[in-house]
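Working notes, structure below.
There are 2 protein chains.
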Amino acid sequence: MIKVGILGYGNLGRGVEAAIKMNGDMELCAVYTRRDPDSVTLATEDVPVKSTADLDSGKEDIDVLIICGGSATDLPEMTPKYAAMYNVIDSFDTHANIPVHFANVDKAAKSAGKVGVISCGWDPGMFSLNRLYASAVLPNGKDYTFWGKGVSQGHSDAVRRIDGVVDCRQYTIPVPAALDRVRNGENPELTTREKHTRECFVVAEDGADLARIENEIKTMPNYFSDYDTTVHFISAEEMKRDHSGLPHGGSVIYSGETSDGTNHVIEYSLKLDSNPEFTGSVIVAYARAVARLNAEGKAGAMTVFDIAPAYLSAKSAEELRAHCL
Amino acid sequence: MIKVGILGYGNLGRGVEAAIKMNGDMELCAVYTRRDPDSVTLATEDVPVKSTADLDSGKEDIDVLIICGGSATDLPEMTPKYAAMYNVIDSFDTHANIPVHFANVDKAAKSAGKVGVISCGWDPGMFSLNRLYASAVLPNGKDYTFWGKGVSQGHSDAVRRIDGVVDCRQYTIPVPAALDRVRNGENPELTTREKHTRECFVVAEDGADLARIENEIKTMPNYFSDYDTTVHFISAEEMKRDHSGLPHGGSVIYSGETSDGTNHVIEYSLKLDSNPEFTGSVIVAYARAVARLNAEGKAGAMTVFDIAPAYLSAKSAEELRAHCL
Chain U
5 MIKVGILGYG NLGRGVEAAI KMNGDMELCA VYTRRDPDSV TLATEDVPVK STADLDSGKE
65 DIDVLIICGG SATDLPEMTP KYAAMYNVID SFDTHANIPV HFANVDKAAK SAGKVGVISC
125 GWDPGMFSLN RLYASAVLPN GKDYTFWGKG VSQGHSDAVR RIDGVVDCRQ YTIPVPAALD
185 RVRNGENPEL TTREKHTREC FVVAEDGADL ARIENEIKTM PNYFSDYDTT VHFISAEEMK
245 RDHSGLPHGG SVIYSGETSD GTNHVIEYSL KLDSNPEFTG SVIVAYARAV ARLNAEGKAG
305 AMTVFDIAPA YLSAKSAEEL RAHCL
Chain Z
5 MIKVGILGYG NLGRGVEAAI KMNGDMELCA VYTRRDPDSV TLATEDVPVK STADLDSGKE
65 DIDVLIICGG SATDLPEMTP KYAAMYNVID SFDTHANIPV HFANVDKAAK SAGKVGVISC
125 GWDPGMFSLN RLYASAVLPN GKDYTFWGKG VSQGHSDAVR RIDGVVDCRQ YTIPVPAALD
185 RVRNGENPEL TTREKHTREC FVVAEDGADL ARIENEIKTM PNYFSDYDTT VHFISAEEMK
245 RDHSGLPHGG SVIYSGETSD GTNHVIEYSL KLDSNPEFTG SVIVAYARAV ARLNAEGKAG
305 AMTVFDIAPA YLSAKSAEEL RAHCL
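Chain order of the listed sequences is U and Z.
In terms of our numbering, the first sequence opens at residue 5 and continues consecutively.
In terms of our numbering, the second sequence opens at residue 5 and continues consecutively.
Okay, here's the thing in structure tokens:
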């Protein structure tokens, strides 16, 4: 059994917990939280909730620590810190800072003889793999990533910070005409606005100025101003009834030539009922790889690019060749 | 530069040749043929055509030998033979015999300190990878593979062997209703007949009994009797005009749950203008990996499951993290 610890029990931590239950060779040994452990109730029975302070001894009996923190401030500090004591894995997704984060985790993990996998999930993660495989097979080509239809938690949070907004769920939606052009191998140049639209379902305070809220959303720099955005005001009951899930998905589409006029289109797409449960499932498969790689004596930072696929599966090499090849 | 030799100059050999031109770090050094070398003209200038006998010295100056032979009789003999002298890669696709072929290549390659990759292409190959990744991420799920729309050379050849048939092109076509059910996450049980239909374009001899030919096709065991097959008789001119390409493609669709009622659908699909050029492109990317792995001191048989994705790309690890992750 591979002994797993989860650090952080938000949406992603619960997604990882659900994923561990699907894997007979993985055992959840503890959940570590910055909150009062007594205030946290797990979905899994008989697993202790501990304080993050308990990790500081470096002596917790776990093969891998899955760090479920935010990329903005948690992971840049946590992942290198714990990589100096445990095998770790995170879902760091602040793209511009990946080189620094990788270097920090690599240094800590190498010194400690541990493995640290960063930026694991579906994007970065499974989508990245598909960008790499496709571009390696067809070097003369171009990749496109579309996200959605799905809930963007970052955009939902940004709307919630507007004065007069009680709650928001923001859906990112690929533009069908853009998808069609890419799937047809046209290799179009597409602007941000041409690729995705945004749709917001907003619960406003009683008596709030809805026109002002709608305008503030649509003109918000970085988040909405470069997109065509639709805003719907709904009741708290409608929000709960119709928008309580966290579905997501998207497509990586790669189009490339092997000779003049001979084109190929590769598409990888996901339709996910639960973004955190799927992300947690990817992380758990890579946690298996982390434990195995470290058991083989490997150390340092890695990404999904550095890990042979067979390490992810509970099946033996013989079984994989017989049933998947 | 990675020095590549191609053994066999049929459709696949020419596809590999086209792929090498797309990769600036790969150099085609020689094509080896069982035919009279003087009878073979390459699409690439200034590359020698040699006899397969020249390989027997074990001293040809190549980093990887790409073996473009048939799975029925060529590869079981050739790949172990040359793995004892060179790094090799093949596209062996007789599924039931993979364990034996793997063992034979492994023994020869290990003794020689060489790497031998078998069963590389898109199925087995890229489709296998997607079955593995999906089943590792979602162990509680089910995979479906659909092929086409595309030309099956095996089925085309089978029809050509019928008395009175001059030429045939056979298209394998997925059944849209089956695709829809799988994409909807229904996890249906599908019979062979429910998954694919077959469509044959046949040029018959003058005065041949078309009804007999059609009946022989539709009732042919293994190839057609389990499918709904449509037969069209066309002229040799129509064959040349409308069916001279070798397009193919298909989808691996995987549907699995992470908790009760929470389902996810992963789909990988290919639309290929040229089956041999795409297969050749996959093999060339893995030939890069073969050369690199052997340069690191690795030896023995491997499949796509055993090779970390970064080995396939001409880009550095830093570039990959910056641009693909």
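Beta carbons: idealized from backbone N, C-alpha and C, even for Gly.
Using a beta-carbon distance below 8 angstroms, is LYS275/U in contact with chain Z?
If you number the first sequence from 1, residue 275/U lands on position 271. Yes - at least one Cβ of chain Z is within 8 angstroms of the one on LYS275/U.
SER123/U and SER317/Z closer than 8 angstroms at C-beta:
Working through the first sequence from its first residue, we reach residue 123/U at position 119. Working through the second sequence from its first residue, we reach residue 317/Z at position 313. No, the Cβ-Cβ distance between SER123/U and SER317/Z is not below 8 angstroms.
Starting from PHE205/Z, follow its DSSP beta bridges and name the residues at the other end.
Taking the second sequence and counting its residues from 1, the one referred to as residue 205/Z is at position 201. PHE205/Z pairs with ARG173/Z and HIS236/Z.
Who are the Cβ neighbours of PHE237/U in its own chain at under 7 angstroms, not counting the five residues just before and after it?
Position 233 of the first sequence holds residue 237/U. The beta carbon of PHE237/U sits closer than 7 angstroms to the beta carbons of VAL206, ALA208 and LEU214 from its chain, once the five residues preceding and following it are set aside; these are given in chain order.
At a CB distance below 7 angstroms, what residues from the segment 253-283 of chain U approach chain Z? Give them in sequence order.
Within the segment 253-283 of chain U, the residues whose Cβ lies closer than 7 angstroms to some Cβ of chain Z are THR262, SER263, THR266, ASN267, HIS268, VAL269, ILE270, GLU271, TYR272, SER273, LEU274, LYS275, LEU276, ASP277, SER278, GLU281 and PHE282, listed in chain order.
Just the C-alpha distance for ARG18/U and GLY260/Z, rounded to the nearest angstrom, thanks.
Here the question's residue 18/U lines up with position 14 in the first sequence. Here the question's residue 260/Z lines up with position 256 in the second sequence. Linking ARG18/U to GLY260/Z through their CA atoms gives a straight-line distance of about 18 angstroms.
Interface residues of chain U facing CYS172/Z [CB-CB closer than 7 angstroms]
Reading the second sequence from its first residue, position 168 is the one you call residue 172/Z. Those do not exist, as CYS172/Z stays about 23 angstroms from chain U at its closest Cβ, beyond 7 angstroms.
Under 8 angstroms between C-beta atoms of ILE71/Z and ASP94/Z
Translated into the one-based positions of the second sequence, residue 71/Z becomes position 67. Translated into the one-based positions of the second sequence, residue 94/Z becomes position 90. Result yes, Cβ atoms of ILE71/Z and ASP94/Z sit closer than 8 angstroms.
Near-chain U residues of the segment 64-78 of chain Z - C-beta to any C-beta below 7 angstroms:
The segment 64-78 of chain Z vs chain U, Cβ under 7 angstroms: nothing.
Name the chain Z residues whose beta carbon is nearer than 7 angstroms to that of LEU324/U?
As a position in the first sequence, residue 324/U is number 320, starting the count at 1. Neighbours of LEU324/U on chain Z, chain order: LEU136 and PHE309.
Check whether the Cβ atoms of ASN91/Z and ALA295/Z sit closer than 8 angstroms, and answer yes or no.
Translated into positions along the second sequence, residue 91/Z becomes position 87. Translated into positions along the second sequence, residue 295/Z becomes position 291. Going by C-beta atoms, ASN91/Z is nearer than 8 angstroms to ALA295/Z.
Give me the DSSP bridge partner(s) of ASN219/U.
Stepping through the first sequence from its first residue, residue 219/U is reached at position 215. Note: ASN219/U sits in no beta bridge, so no partner.
Cα-Cα separation, ALA23/U to HIS327/Z:
In the first sequence, residue 23/U corresponds to position 19, counting from 1. In the second sequence, residue 327/Z corresponds to position 323, counting from 1. Those two C-alpha atoms are separated by around 29 angstroms.
Residue-level contact to chain U via CB, SER55/Z, 8 angstroms cutoff
To locate residue 55/Z, count along the second sequence from 1; it is residue 51. No, SER55/Z does not count as interfacial toward chain U.
Out of ASN298/U, ALA289/U, SER320/U and ARG325/U, point me to the one whose CA is closest to ASN27/U's CA.
Taking the first sequence and counting its residues from 1, the one referred to as residue 27/U is at position 23. When only C-alpha atoms are compared, the closest one is ALA289/U.
In three-state DSSP terms, what is PHE106/Z?
Here residue 106/Z corresponds to residue number 102 of the second sequence, with the count starting at 1. If DSSP states are grouped into helix, strand and coil, PHE106/Z belongs with the helices.
Taking CB distances under 8 angstroms as the criterion, tell me whether ASN2/U reaches chain Z.
Shown here, chain U extends from 5 to 329; a query on residue 2/U therefore has no answer.
Please state the DSSP three-state secondary structure of ILE257/U.
Numbered from its first residue, the first sequence carries residue 257/U at position 253. In the structure shown, ILE257/U sits in a strand (DSSP, three-state: E or B).
Within-8 angstroms CB hit, VAL186/Z to chain U:
Looking up residue 186/Z in the second sequence gives position 182. By this cut-off, VAL186/Z is not an interface position.
How would you list, in chain order, the residues of chain Z whose beta-carbon sits under 9 angstroms from the beta-carbon of SER248/U?
Position 244 of the first sequence, counted from the start, is the residue given in the question as residue 248/U. Close to SER248/U, with beta-carbon spacing below 9 angstroms, lies no residue of chain Z; the smallest spacing is near 13 angstroms.
The segment 103-117 of chain U: positions lying closer than 9 angstroms to chain Z by Cβ
If the cut-off is 9 angstroms between Cβ atoms, the segment 103-117 of chain U has PRO103 and PHE106 near chain Z.
Check the Cβ-Cβ distances between MET30/Z and every residue of chain U, and say whether any is below 8 angstroms.
Along the second sequence, read from residue 1 onward, the residue named residue 30/Z stands at position 26. At least 8 angstroms separates the CB of MET30/Z from every CB of chain U.
Count the other C-beta atoms from every protein chain shown that fall within 10 angstroms of the C-beta of VAL121/Z, then say buried if there are 16 or more, exposed otherwise.
As a first step, residue 121/Z must be located in the second sequence, where it is residue number 117. Burial of VAL121/Z is indicated by the presence of at least 16 other C-beta atoms within 10 angstroms of its C-beta.
How many Å lie between TYR13/U and ASP127/U at the Cα?
To locate residue 13/U, count along the first sequence from 1; it is residue 9. To locate residue 127/U, count along the first sequence from 1; it is residue 123. So the alpha carbons of these two residues sit roughly 21 angstroms apart.
Hey, is SER123/U's beta-carbon within less than 8 angstroms of any beta-carbon in chain Z?
Looking up residue 123/U in the first sequence gives position 119. Residue-level contact by beta carbon holds for SER123/U and chain Z, with a gap shorter than 8 angstroms.
Reducing DSSP to helix, strand and coil, say where SER95/Z ends up.
Within the second sequence, numbered from 1, the residue matching residue 95/Z stands at position 91. SER95/Z falls in the coil class under three-state DSSP.
Alpha carbon to alpha carbon, how far is THR77/Z from GLY284/Z?
Position 73 of the second sequence, counting from 1, holds the residue named residue 77/Z. Position 280 of the second sequence, counting from 1, holds the residue named residue 284/Z. One C-alpha to the other measures close to 20 angstroms.
Determine which residues share a DSSP beta bridge with GLU31/U and list them.
As a working note, residue 31/U is residue 27 in the first sequence. Within the DSSP bridge table, the entry for GLU31/U names LYS7/U as partners.
Please say whether ILE221/Z and VAL155/Z have beta carbons closer to each other than 8 angstroms?
Looking up residue 155/Z in the second sequence gives position 151. Looking up residue 221/Z in the second sequence gives position 217. It is not a contact, given that the beta carbons lie outside the stated cut-off.
DSSP on LEU46/U, reduced to helix/strand/coil?
Locating residue 46/U in the first sequence gives position 42, where the first residue counts as 1. Coil at LEU46/U, not helix or strand.
Residues bridged to LEU274/Z (per DSSP):
Within the second sequence, numbered from 1, the residue matching residue 274/Z stands at position 270. LEU274/Z is bridged to ILE270/U and GLY254/Z.
Can you check whether the CB of LEU11/Z is closer than 8 angstroms to the CB of GLU21/Z?
Within the second sequence, the letter at position 17 stands for residue 21/Z. Within the second sequence, the letter at position 7 stands for residue 11/Z. Here GLU21/Z is not near LEU11/Z, since their CB atoms are 8 angstroms or more apart.
Report back the beta-carbon spacing between ARG135/Z and THR307/U to the nearest angstrom; my notes put them in contact at under 8 angstroms.
Counting from 1 along the second sequence, the entry for residue 135/Z is found at position 131. Counting from 1 along the first sequence, the entry for residue 307/U is found at position 303. Incorrect: roughly 22 angstroms between the Cβ atoms, too far for contact.
Could you check how far apart the C-beta atoms of GLY254/U and SER273/U are, in whole angstroms? I think they sit under 8 angstroms.
By one-based count along the first sequence, residue 254/U stands at place 250. By one-based count along the first sequence, residue 273/U stands at place 269. Their Cβ separation, rounded to whole angstroms, is 7 angstroms, which keeps GLY254/U and SER273/U in contact under 8 angstroms.
Just verifying my parser: in three-state terms, what is the DSSP assignment at THR149/Z?
By 1-based counting over the second sequence, the position of residue 149/Z is 145. Here THR149/Z sits in strand by DSSP.
Would a check of beta-carbon distances place ALA23/U closer than 8 angstroms to chain Z?
Taking the first residue of the first sequence as position 1, residue 23/U is located at position 19. So yes, ALA23/U belongs to the interface.
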